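*Asks:* Please see the structure below; I have some questions.
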DNA sequence: CCCTGATTCGC
DNA sequence: GCGAATCAGG
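Residue numbers (the UniProt record's numbering): 1 to 170.
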């Protein structure tokens, strides 16, 4: 699969949105996360917005070198110190579609409450927070992404065009 | 063990 | 330019 302009644009967008390489790869299809990362680097946008999170002093010695390199291999014994590394927590800040409507019915045993929610669980709210049956989707979500595949699509929906109001809603 | 991005280098 | 293999880390 080639990197046409469309795919590159989508890659840029998703990367800027904070999606992980594997997530992006899954969305694009036909590429692995390695391909995505490689492309990201080639495009020079690995900085990922303003925060420099992973650009902390990460010292890399002994590169990859699968083949017979030189007999003259230098061995570094240094370890990187990460003591003073500042840490910023920045949320993807994506706007979820403000729909209190539940389009899904989650089986009782799969429902997640605020207490049972884990990082890898979809935190899409279902129902009314004031009601007893309020719960979260709770299905598997990729780390870093707050929602499962299904709800991710809703949350990250491109910007709906609402020009055509007259046409009936599907 | 699951994941993350980073890097190298044969293609 | 591309991306698998690998590395380094969470």
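All C-beta atoms, glycine included, are put in the ideal place defined by N, C-alpha and C. Model, not experiment: these values are computed from the prediction.
Pull up the distance between the alpha-carbon of residue 139 and that of residue 122, whole angstroms please.
*Replies:* For residue 139 and residue 122, the distance between alpha carbons rounds to 5 Å.
*Asks:* Pop quiz: residue 10 and residue 36 are said to be a contact at Cβ under 8 Å. What is the actual Cβ separation, rounded to whole angstroms?
*Replies:* Incorrect: roughly 11 Å between the Cβ atoms, too far for contact.
*Asks:* Cα-Cα, which of 151, 131 and 41 is closest to residue 124?
*Replies:* Among 151, 131 and 41, the Cα nearest to that of residue 124 belongs to 151.
*Asks:* Per DSSP, what kind of secondary structure is residue 151 in: helix, strand or coil?
*Replies:* Residue state, collapsed to three classes: helix.
*Asks:* So, with DSSP's three-state summary, where would you put residue 41?
*Replies:* It is helical.
*Asks:* Determine the burial state of residue 43: buried for a count of at least 16 other Cβ atoms within 10 Å of its Cβ, exposed for fewer.
*Replies:* So residue 43 counts as exposed.
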